[in-house]
Structure formats: C-alpha cells, structure tokens
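Following: one structure in structure tokens, then a few remarks.
Protein chains: 4
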Amino acid sequence: MSKRKLNVAMIGSGFIARVHSNAFRQVGHFFDIPYEVRCTVICGRDRAKLEKAASRWGWSGVETDWQKIVARKDIDAVDIAVPNALHSAIAIAAAEAGKIVLCEKPLASSVEEAERMTQAVQRTPNGVWFNYRRVPAVVLAKQLITEGRVGQTYHYRALYLNQSGNDPRKANTWRYKRSEAGMGAAGDLLSHSLDLALYLNGSIQELTAMMHTFAPGRDVDDATLLIARFANGSVGTFEASRYGVGCQNRNTFEVNGSRGMLSFTLDDMNQLDFFDAAEPTNLQGSRRVAVTALSHPYGENFWKPGHVLGYEHPFIATLGDFLNSIARQEPFHANFEDALAVQRVLQAVERSSASRGWVSVDAA
Amino acid sequence: MSKRKLNVAMIGSGFIARVHSNAFRQVGHFFDIPYEVRCTVICGRDRAKLEKAASRWGWSGVETDWQKIVARKDIDAVDIAVPNALHSAIAIAAAEAGKIVLCEKPLASSVEEAERMTQAVQRTPNGVWFNYRRVPAVVLAKQLITEGRVGQTYHYRALYLNQSGNDPRKANTWRYKRSEAGMGAAGDLLSHSLDLALYLNGSIQELTAMMHTFAPGRDVDDATLLIARFANGSVGTFEASRYGVGCQNRNTFEVNGSRGMLSFTLDDMNQLDFFDAAEPTNLQGSRRVAVTALSHPYGENFWKPGHVLGYEHPFIATLGDFLNSIARQEPFHANFEDALAVQRVLQAVERSSASRGWVSVDAA
Amino acid sequence: MSKRKLNVAMIGSGFIARVHSNAFRQVGHFFDIPYEVRCTVICGRDRAKLEKAASRWGWSGVETDWQKIVARKDIDAVDIAVPNALHSAIAIAAAEAGKIVLCEKPLASSVEEAERMTQAVQRTPNGVWFNYRRVPAVVLAKQLITEGRVGQTYHYRALYLNQSGNDPRKANTWRYKRSEAGMGAAGDLLSHSLDLALYLNGSIQELTAMMHTFAPGRDVDDATLLIARFANGSVGTFEASRYGVGCQNRNTFEVNGSRGMLSFTLDDMNQLDFFDAAEPTNLQGSRRVAVTALSHPYGENFWKPGHVLGYEHPFIATLGDFLNSIARQEPFHANFEDALAVQRVLQAVERSSASRGWVSVDAA
Amino acid sequence: MSKRKLNVAMIGSGFIARVHSNAFRQVGHFFDIPYEVRCTVICGRDRAKLEKAASRWGWSGVETDWQKIVARKDIDAVDIAVPNALHSAIAIAAAEAGKIVLCEKPLASSVEEAERMTQAVQRTPNGVWFNYRRVPAVVLAKQLITEGRVGQTYHYRALYLNQSGNDPRKANTWRYKRSEAGMGAAGDLLSHSLDLALYLNGSIQELTAMMHTFAPGRDVDDATLLIARFANGSVGTFEASRYGVGCQNRNTFEVNGSRGMLSFTLDDMNQLDFFDAAEPTNLQGSRRVAVTALSHPYGENFWKPGHVLGYEHPFIATLGDFLNSIARQEPFHANFEDALAVQRVLQAVERSSASRGWVSVDAA
C-alpha cells in the first residue's frame, strides 16, 4: 500500500511546537492513517534554536520567514504553534494558499479575528488543538452524556488552575502580555474549559463574569470567574486562574444530572469518576473508571488495559482523528468554527466583566 | 465540686433537635464544663412525637406551647430548632425573658428580622449552631491561615451540594417552602458556606449571584451560585445546590494563597489537605492531615489519634465552647451578630439575583 | 411501656472503658432496646481516677475490688475492659455468678484460657467487643459477599498498622508486656483483622507466620506477618504492626473474588469500595460507597444520609445488637466462641513463628 | 555534530516489542544521547506480522531467524523481547558475538540459566528492562530513602495484581505455560516487585513463600505470596497474583521507616505519597507529590510540571540512561547481574513453596 505523502510545516518552536512535533512523529505508530506524514520544515525566529529542534525531532529543513513557507507549493499542511497574536495572519495566508491548517488554541485574540480566520478556512481542512477533547476519559464522559446515563444536566462546573502567575520566573513570558496573548488566564486556561463545556454540555446562553488581575501592572487577567446559563437549562460555574497555588495543571469538570454525576481532573487523566444514580441506593457511589480498557476510547490505539497514557497522547489522537477525517472528507472537531464559538464566549466574558452585568453570548 | 444547674428547653423535635439533644447529653462527657446540664423540657406541636423524643433523649417534660416555656422562671436556656420562619419570635421572646438563647441557622428569613433578633440578645448570652466551624479540620484551617501558612489569599471557593431537591420524597418538606424556610438552598446550604468563608477569609465586599429553581412551581431557590470579592483582595466562588446529584452532603472549601493551599470536604471530615508552597519544589504536594492527633483542635476531648469523629461531634464541641464562654463571660462565636453578617450576604445574594448585577454587601 | 432494668458494672477505667461507657450512655438514644440500662458501678484500681470517671460518665458507684462486684446480687451484667491477663478470672467468676458477660478483645492470653472462659459462659449471654464487625461498611461488605456479589473468593488481605511502637511515650504501657498483654501487635491488632477475616471469609486452615520484635528487650511482638489458606480455597496475607509509621490506626482489608473486589480502610470508615466485575468493561471501576444511606446497615439508627459516623458508633451498635439478642434469646456474635476461634488462629501464629513452618489451625 | 550510528535488532514482535520499538523511536527526542539509533531489523516467527510491525515502527528490515541476526556484523545491539524460555540462547549468542544486549524481564527461567547469561555478558554492555525503576516517582522514592528521609526501614510491602488469570481470553497465552514462561505470576509480576525491593530496600536474606494455582490443570503459579527478612533488619510481604480481580495492573509498594512512610501505586504512577514523621505532629500527613516538576527525576526530559507521563516513558528513560551509560562506559542498572539477583530470590520462592519452610536466598 503506497500512502499519499503529506508535507507538514511547523510554525513555532516553543513548548507546544515540541508537543505537536511529537504528535507528528508518533501518529503513524498508533493510528492507521492514509498518509505518510513528512516533517518537512520548522519555522521560527531563532535559527540556532530551530536547528536544534529540527535535529531533535527530524524536521528536514528550517525557515525563519513563515510567509516563505506559505508560498511553498510542496507544503500540504501548516501547523500554527506561535503566540496567539500571530495566529490569524498565518492561518489566513495558509488557508488562502490552499493549505490544510491546524492551529493552537485559543484561535484568536478577538471574535472579529476568529471570524475572519473561520471564513478563510471554509474550503480547506482545518482543526484546532483543543487536545483535552481527546483524553479518553473525556470522550467516555461525552459517550455517557449522549447515552443519557447522566440524565438531564443540572450543573456543570469547571476549574482550570495553575500557579504560574505567582511565580516570577514564569510570569514574564508572552502569555502575560496583552499585545501577544490577547487575554491572560481566560485565553490560556478558560478557553480549554469552555471548549469542553460546549462539547459536553452544549451552548451557553448568557453569563456574568469577573476578570481579575492580582499582579500590579499586568495588563491581562490573572483569574477569570463566571456563572453561566446553558441552552439545555443547566447552570454553570467556571474558574480559571494562574494563582491557583497548589495546582500545577488542574483542569477539572463536574456534571450533575438527574441520573448521575461525572467528575474529571487532569491530575488523574486516565480516570473518570461516574456516580450512577440509577443504581440501588445502597450501592450508589462514585466509581473510578480507569479509562484504559480496549473498549474505551482509543483503547485499541495505545497500550494495554491498566497501562496509562500521558499528556501527549491526546495530541496524537487529535492528529490521528484529524488526518482520518480529512482523508474521508468528513468534518473534524474541534475546528475553526468550534474555536470561534469559544471565542464568542470569551468575548462575552470580557463584555460582562467590563459592564458588571449579565450578557448574552452572541450566536454565530 | 457542685456545679451550677442549667435548665434547658429544646424548642423543636425534628432531625436537628435530635442532634442538639445528643449534644446536651454528651457535652459533659467530653468537655469540662461548669454546669450541670439538665434537659428540662422539649417543646413541639405533636405531643405523641414529643413524648417519644423526651423518653428517648431524657427530656424531663414536654410542652406544646413555646410561649409557656419562655414564661417559665426555671428555664435558663432556650434552644431553637424549628423551621426558620419561627426563629425570630421565639428568640426575641426568650431573650426578653432573660434566657440564654441558642438558635439554629440560618438565623432568620431577612436581614431586618435578624437585626431585631440581634438587638434583642444584646444582654444575654447567645449562639448560633454554625456547627461546621468546630470540625477539627476547619479549626486547623483557621489556625494555618492565622499563622500565615497559606500566605495572602487569592482564591476562596466553596461548594455545598446535596441531592434532596431531585428526590420527590424529600422535596416536600418545610425546607422547600418560602413561607417557612425563607430561602431554599441559599438559606439551608449556602449559609453554612458563607459562615465558614467569613470565619476563614474575612468579609465579603461585593458579589454577583444567580438563584435558580429547577422544579416547576417551587418558590425557593434550588441552587444559588455567586462570585464575590473579599475585603482582603481575594476572589471567591460559591455554589450551593439541592440538585447536586451524586453528593449527599458535600460541603467543601478550598483556599489558594501565596504560600499554600487548603482543601476540605465534609465527606472526609476528619482530614484537611494542606499544600505547603514553602516546601522544596520536589517535595511539594497536598498532604492529607488526619486531624485526630492530641495536638489538634479538640484532640484532647474525644478519642485517640486515628480514631475518627462523626457528624455530631462538632455540635458537642459547639455546645462545650458555648457553655465555657458564657461561664467565663467571654464572647462566643458564631453568635447572633455573626449570623446577621451571613444574613447580610444572603440578602445581597437575593438583591443581585433580582437586579442581575453586582451589589455591595451592606456593612453592619 | 415499662422496661426491664439492667444494672451494669464496668470493670476498668482506661481508654476502652471510656469508649464502653459512652456506648452504655448512648445505646438507648439510637437503638430500640427492651432494657433500661443503668450504669451502676465502675471498678478499677485507682479510686481517684474512678471517682472522676464515675462523675463524668454517670456511674452511680465506684469499687476497687472486682470480686465484690461479681458477688453483688443486683448486678446483671459485667463488662470487662481491663488488660488481657485479667480477663479470664473476671469473666469466669462473673459467668459463674450468673452475670451477663461482655469482654474486650483479645479474649485471652492463650487458647486454654479462652476455652475455659468459653466453657464458663455456656449458660449466660456473652459477647466480645470486636467492634469493627459493626462498622456499617463492614456489614455491607458481609452482605455483598453473602449475596455472591464478590463471587468465589481468591484473595483476602488485611493490614492493621499503627505507629505506637516507634513512640517511646506510648511503648511503655501494659500493652508492651507479655505478662499483662500476652502478645503484642498480634493480640492488639491482628486479633481484629482475624476476627473480620473469619467473619467475612470463613475459617483459616493453615498458615505460616513471623512474629518480629524491633525494640531490643521487648518481650512481645512488634509486628506479625502471615500467609494463610482459608477453607474456601482462597489465600490470605495479614500484617499487623506497631511500627507502621505513617499510619495511626490503619485497619484495612481487601477481597478479590471472581465477580469483584472489596476494599475497606478504617481511615475512611464511612466508605466501602466495591469493584463490580459484572459491569460492562467500559464502566468497571471501584465505586466508593458512602455507607450512610437509610438502606445501609444501621442507616436508620444514627443520622441522615451523608452524615458520617465516628469511632464510637460501632461500639454503640455492638451493644444495641447485643441487648436485643439477649432479650430475644438469640445468639449474639462475636461471642466468646467466636473469640476463641480467633485465639486458635493466634496460637497457630505463635506455633508457626516458633517452628518456622506451616501449621494447621486447630479446629474447635 | 556527527553521532555514532547504533544499529539495533529487535527480537520479538509482540506487545512488549512494540513498547521497546517506541522507546527506540522516542529516546532521541527526549534524551541527549551520543548515538544515532537506527532501527535496523525486527525478528520474529510470523513474517506477515513482522512486515506490519516494521512498516508501522520503521524497522528497516525483517528477519525470521534470530541466529542470522546475531551473525550479522552490522548489528550493534540486540534487544530480546520474546517469551522467557528463549532469552538465554539469544542473549548468550548475541553476547558471544560481541553485541550490546538488552533483555526483557524476567531474565531467565532458572538461576542456572541466568548465571550462564550473566557470565556471557561480562564483557559487553547489558541491561534488563526492569522499567519500573525509572518511573520518576520510584526514583524519587529511592532518593528519599538514600537521603535518610524515611529513616531506618521497618516494613516493606509490595503488591502486584492483575486479573488476567480470571479471564479465559487472556489465560491461554505463553505466559500461562511452564515450558515457555518458566513461572506464572512469580516471573511475570513478582519479579518486578522484587527488583524494586532490592533496588529500594537492599537484599533479602530469607523468606517463606506460597505459590498457588487457582485454575485446574495450569502448571504455573497464579499467585505467589511471601514473607521476607531483609538484610537491613526490615521485614517484608509480597503478593503477586493474576487473580486480583478489580486490579488491571496494580503494582504498589509501601515503606514504613523510623522517619516516614512512602507509598506508590502504578495506578497513579505520576505520584508518590510521602509521610514525613519529622514534621510537627499537627501537620503530619501523607503528602501526594506530583512527580512532574523540573527538579524531579526526568523532569527536564519530558513535558512541563503538571503534565503527566504514561506507561511508555520509563522505557524511554531506561533506554536513554542505558545508552548514556554505555557511551560513558559506566555500569548500567538493572543489568544482567541485578536480574540474576532477582532470579535467586525467585528460586528461593520456589524452594520455599516446595519445602513449606523458610529458606535462605543464596548469595551470588
């Protein structure tokens, strides 16, 4: 079987570009994909750093000008892993050049930007790295909700806490500057929680939010808190913070429904807690499902039951699903449109925080 | 040693009166108190039920008219354990008759009522059964905060979830009627969370809240959610619900501060989780402290290290501390004034929910 | 309804006598019992200490000579809460005087002694305070095993660890002396684990054991470890130690059977973990059952669902069940015969440790 | 920088060969190694399966006769990932041909075989895939023990439980046949526990063991239980079983020492629980250290703090350390000698199980 070659260009060379590089290297080991993925070129500002990354991860070439990459005929796909403020220019140019486009989250710095990006990719396969959608435990949660095992949803609550803001060594990067990141904890952390909420519990109708900055002089939010009403009648709370001292990367959600409860925390990402209220009262309890069985999402792709996955596996699964989707010409999610929906909620958060009142989330 | 006799009247004969009765029976077994507590009379509407309660718990007499009790010269203390709407009349009459007054929470159905009650008890010893203040783990949390082990507080978050509203058998009692309970989840559950928050993290300046009713036709809130700013600069989220399916009595709080994190859940009430950010990075972790050592709060009162306490022990400790406070003529907390402060926050919650905006919490 | 009076004498005034006193005080509050329990007299060596205990717990009289108590016609029941070496003389005398006899565990210092005691109580109601049998989670475990929810048992494992031996302040009491305690960790801790094992998993056929003393000069075991074969074909491991640093009172058991797994730890005594292997693979997980529902063992006796019990409640339940059993003239367990069975295993442990080989557990 | 090429031959094409293949593919991405690893050839019995594995993992060639591989001059390293009974012939031939030799555990089917293998590799770099030694939490445990943070060890206990034996679909492979596997749970599971015990707590002097088979007609042990004395004066219990229903891959150890306690379970492999008995009593508790900080073992190699590792990462770390060790001509552990030490304990287990008594573990 000869596979179609897929020449990939990576734009970016920081931490997340490293995670994406790993996904490109690993996807063929764990997923049956109809492409021969070729790591063609990696692009960034610092040539020395690029050379090192290329050598380590097997990118065939390096480039410091992303526009040259977009102009190359031999590049099939462009993966955007640079600070948020740069996403739109690259994505739009790549889409206009007919490239397949993958982009890190949050998609953009504003709804307007995200709309232009989404418009630009209408005719090209596109995806956004909302990686947590493909944690097996999260997919299982989605399945249980879809099957009605949780019943009518009453409550959705999500936390995303890290402690980076409290750490002077970390709090000096592009992520802490409005000009480069657009938002602070809201874009960095809350966007993940919102994407999962929209995926698992449907659209948000209205919300009231507070964006708060603890550090004097910082121009992005250190923490964002909000209360929301979902279209399905449930109510939600969200809290994202870089001042969650004691939490390094705590991404949690809980759902209370008429038939049960789901709890997830990224700290224990191979587990999903499920309380089945349909059980007899004396046997009700939150069961900790180790989501590593063959019958679980991605259970056939990676290791054996009881052999846990790590941070990078959902990225590999995202890429595997993406490549299979585009080969079958089927829609892939999360795509730019999904990410635009997150952006609309983030915008509502900003509006509410400014107006100190409830605001509707604009429909598409 | 001859102790002063303390003749107690219990007003109420439901579940919580049973818990209070146990406290009166047990307090002398675990606390050195300068009173001989005498369970003199129990008062309620249903004589048959009263007789049974009196026989079981050793109340010497029964009475169906609380006003007769207030009028009795031999009664020293009145304990109010009836539905919220009845608190104020009894408390004020008892106070005016010079009785020591203990009252269940929430103190009242409105700030105005709570103010009149607080006014009435100015010259008599008074206390409110905010029992969770005396869970040893909660007292330890307070100690650690006071000692600066948590540092400057950034985040305070609290949940109080049960599933009673989703259960037709339970959702038909006085607690689900505005005329008797005043509020729903807010008065029943959130009041506990707020009292602990004020105790542990100081006063709340402003908040925005949503009170939501899931059940058609019910006139109290099934769930109340809010975001708050504390006077100490920290931000908070609170969620109280009777639709927290999967949770029977989940009362939790978490504090993130510049030096550490505290986590408590009533499900594991003998434990406090403490993350000490002052530890070397490679040994940082949330430590689960079993709060049963002799050196812990109430460690000398009950059993041995590793021998856990149950739901009723904080009530016993509340009573033990209360009796010793009044003997020493020292202020006891939580008293009516503390409960009034909670009531002010609850009122702000109601105002915010109605106005759909941020509101200040009125100062005293 | 006039109840039969039951005059009780407590022999002992240490920690465990305090726990028993509490049970006598509380049993009528939580159990419907056909007796009016009267705390008639408490007996010990130190009169000052006795006076204090009597005053605190409401024992009507004090006595320093247990033989006088046995001789009193008005005493109906004798409760033995003194060091192990004194159990047999008191129990036999009390039984011969026709008293109801309750005794702390371990029953005796040897099988011979236990046999004589068991013989002596043949015609009088008798019970042994193997309190952990009446932890609601343990009773639920028994129910699940009996109902076949665990299937054929393969493995039974139990730990009982505390850290008292490592603590010079604690390791100087009667519990550390062969002359008074008979055994060390084996009698103190392992006896509990063995009673639960016999209750939950049936009789032990043979075992090989090691008794080990860490502290130079101490003449009892600090730790006892053993491997066993049960009559039902399962295999077991037991470990009891006073050098389990990090554990204050960790009493755990786990059962693996063909249909599921049970896990219990006294640290979380209100919970039972149940893994149901009959569930579909993708929903299998250990569920944490909060054993506080009305439908749970003793769920109607104490508080409400989600309101946890403490260390003393299983003692109260033991006494409640005991009194109802004797009133109905039904056998109560654990009785002296059950405790004798534990003693036979303990003797096998000693023989195996001495012979360094497998030994059979003598049948009755 | 031009790196020395390292041509690797993989012998085996089953699950564990897949895990090793991944390690060879990934090692250069996460470790600075002085080799260019080349996946030269994969060898197995089934050519179709081999072709597929080669294509998926990038092995340049396939071979069905391992002796041809050993004879090839261009092969630098041979990795043995076949059933146990085949280890010795391949390892000895490869060593005699001067190859670097890596071998899966358990090293051999007998001490004699393991001795011959160890003898054979005296002059060639060699390693054994005791992968759990390189779980970051395990390395941290070793560091804490070495630094004296646990003090004098009293107890070491280990469980390794899966449920494969209870599952007819799994219990029919080579692992369940003496002729191919040598032993059952002892070789498969206990060998891991023993290697960790020797690594963490030093050598075992004597033990008494029971090997038990639940399934009629099966000629290897389904479960092996043992009690041991270590050279450092501590006592240990070990239990390995394929009938641990409820556990998919539960590999745990606990250490109680004079200054603290360590607990590890592979179910939560990114965490180590540490109880520091040197803390003030009121702050003692088992702290859950997320072993993902930069300052943790392998913290610089993989992702960021709070970004967890999976099953395969310790294999990658094993290979990274191995390659660096051989480049620096330093000893690597676990090597054949370390695995021989495990084999000696396994032999003692067999002897004890047969003789039903304590046996000494033979020294080298």
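Residue numbers (this note's numbering), protein chains in the order written: chain A, -12 to 351; chain B, -12 to 351; chain C, -12 to 351; chain D, -12 to 351.
Even glycine gets a Cβ: it sits at the ideal position worked out from N, Cα and C.
If you're wondering where the values come from, they're calculated on a predicted model, not measured in any experiment.
- Using a 10 angstroms sphere on the CB of C:Asn159, the tally of other CB atoms stays under 16, which defines it as exposed.
- When Cβ-Cβ separations below 9 Å define contact, D:His179 makes no contact with chain C.
- CA-CA distance, A:Leu146 to D:Gly247, rounds to 33 Å.
- As DSSP reads the structure, D:Val242 sits in a beta bridge with D:Tyr143, D:Leu249.
- Taking a C-beta cut-off of 9 Å against chain B, the contacting residues of the region -9 to 16 of chain C are Phe2, Arg5, Val6, Ser8, Asn9, Arg12, Gln13, Gly15, His16, listed in chain order.
- In the three-state DSSP reduction, D:Lys(-8) falls in the strand class (E or B).
- Residue range 98 to 107 is occupied by the alpha helix (DSSP H) that includes A:Met104.
- Just so you know, the alpha carbons of C:Trp46 and C:Leu176 end up roughly 29 Å apart.
- C:Gln334 carries a helical assignment under DSSP once its states are collapsed to helix, strand and coil.
- The beta carbons of A:Thr140 and A:Val276 sit no closer together than 9 Å.
- For D:Asn113, the uninterrupted beta strand (DSSP E) run begins and ends at 113 to 115, by DSSP.
- Within 8 Å of the CB of D:Val222, the CB atoms of chain C belong to Met197, His199, Ala210, Leu212, in sequence order along the chain.
- Below the 7 Å Cβ cutoff, chain D contributes Arg144, Thr224 as neighbours of C:Glu226, in chain order.
- With fewer than 16 other Cβ atoms inside 10 Å of its own Cβ, B:Gly204 counts as exposed.
- For B:Ala277, the nearest CB of chain C lies under 9 Å from its own CB, placing it at the interface with that chain.
- In this structure, the beta-carbon distance from C:Tyr285 to C:Val126 falls below 9 Å.
- Linking A:His199 to A:Ala321 through their CA atoms gives a straight-line distance of about 28 Å.
- Looking at the DSSP output, C:Phe225 sits in a beta bridge with C:Ala145, C:Leu213.
- Taking 4 residues as the minimum length, the alpha helix (DSSP H) runs contained wholly in the region 22 to 84 of chain C are 34 to 44, 53 to 58, 74 to 83, in order along the chain.
- Residue-level contact by beta carbon fails for B:Phe251 and chain A, as no gap is shorter than 9 Å.
- For C:Ser245, the closest of C:Arg237, C:Glu266, C:Gly233, C:Val98 by C-alpha to C-alpha distance is C:Glu266.
- The region 278 to 295 of chain A and the region 289 to 309 of chain D touch, with no fewer than 3 CB-CB distances between them shorter than 8 Å.
- Taking A:Leu131 as reference, the option from A:Arg32, A:Glu337, A:Val278 with the minimal CA-CA separation is A:Val278.
- The closest CA to that of C:Asp63, considering only C:Gly85, C:Ser75, C:Leu148, is found on C:Gly85.
- For D:His7, there is no enclosing beta strand (DSSP E); the enclosing alpha helix (DSSP H) covers residues 2 to 17.
- Ranking B:Arg229, B:Cys234, B:Val332 by CA distance to the CA of B:Leu183 puts B:Val332 first.
- Counting every other CB atom within 10 Å of its CB across the protein chains shown gives B:Thr133 a total below 16, marking it as exposed.
- Residues of chain C whose Cβ lies closer than 7 Å to the Cβ of B:Trp116 do not exist, since the nearest Cβ in that chain is about 14 Å away.
- Against chain A, a Cβ distance below 9 Å from D:His300 picks out Gly297.
- Listed by position along chain A, the residues whose Cβ is nearer than 9 Å to that of C:His283 are Thr268, Asn269.
- B:Pro112 and D:Gly231 have their C-alpha atoms some 60 Å from each other.
- Among the residues of chain D, none has a CB under 7 Å from the CB of C:Tyr163; the nearest is roughly 16 Å distant.
- Using a C-beta cut-off of 8 Å, the region 98 to 107 of chain D makes no contact with the region 302 to 313 of chain D, since fewer than three inter-stretch Cβ pairs fall below that distance.
- The criterion of a C-beta distance shorter than 9 Å is not satisfied by B:Met170 and B:Ser228.
- A direct Cα-to-Cα measurement between A:Asp209 and C:Gln258 gives close to 38 Å.
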